[in-house]
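Residue numbers (our numbering), protein chains in the order written: chain G, -14 to 30; chain Y, 2 to 171.
Ideal Cβ placement from N, Cα and C applies to all residues, glycine included.
All figures in this text were calculated on a predicted structure; none of them were measured in a lab.
Notes for the one structure printed next.
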């Protein structure tokens, strides 16, 4: 992400940023990162 | 019941209101939001899974009144998961402040969060605390704050000098 976009996000109201954190948590729970070993196994097939 | 309904937002106003009640009931002297969520007050949002509430204990014993805090909030319907108290599925850690973190609580910025009074660590204290911890995520946090937040450089320099801290190589 470009620095000016990051800066824009940083200047949003705190309550709005907290809503975004909640969305990030939901996304992370819905799409958990696979351990690197699993990814490597998948690629080696 | 405090945990009756999960929400698609973080129950931060409820956390702040509960911390204010702990002050009113005399269990703690003062409190402020620290950790990742305090950093997010100043920088772009990022994923974090809990809230860190730093408090100045009324009880000066080693336990710092933490059993009483747990008991009080459990009566309000909070759940306990390990070292966290959980409100609406969101874990909150109550940490007794001392030294640098106690100063951070005393100097914290007062805010209004959706109608609830709260306090958040100043950016300079978040940087100093991160410098004292020195993990990779702390270096990232320092970098974010220095590039995205309005940091009072002379205040930060004085804080680092008084606590004998140095910023890591970024």
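The C-beta distance from residue 146/Y to residue 124/Y rounds to 5 Å, short enough to meet the 8 Å contact threshold. For residue 35/Y, the enclosing beta strand (DSSP E) covers residues 29 to 35. In terms of CA proximity to residue 40/Y, 3/G leads the group -13/G, -11/G, 3/G. Close CB contacts of residue 20/Y within its chain, under the 6 Å cut and outside five residues either way in sequence, are with 32, 54 (chain order). Closer than 9 Å to the CB of residue -9/G there is at least one CB belonging to chain Y. According to the DSSP secondary-structure assignment, residue 58/Y is paired through a beta bridge with 29/Y. Straight-line measurement puts the Cα of residue 144/Y at about 38 Å from the Cα of residue 73/Y. Between the region 76 to 89 of chain Y and the region 103 to 118 of chain Y there are fewer than three C-beta pairs closer than 8 Å, too few to call the two in contact.
At least one CB atom of chain Y sits nearer than 9 Å to the CB of residue 4/G. Among the residues of chain G, those whose CB is under 7 Å from the CB of residue 13/Y are 3, following chain order. For residue 82/Y, no Cβ of chain G is located within less than 9 Å of the residue's own Cβ. Residue -5/G belongs to the set of residues whose beta carbon lies under 9 Å from a beta carbon in chain Y. Under the DSSP definition of a beta bridge, residue 91/Y partners with 88/Y. Setting aside the 5 residues that flank it on each side, residue 11/Y is surrounded in the same chain by 91, each with a C-beta closer than 6 Å to its C-beta; the list follows chain order. Residue 112/Y has a beta carbon lying within less than 9 Å of a beta carbon in chain G. A straight line joining the alpha-carbon of residue 38/Y with that of residue 49/Y spans about 7 Å. Under the Cβ criterion of 9 Å, residue 21/Y is not counted among the residues facing chain G.
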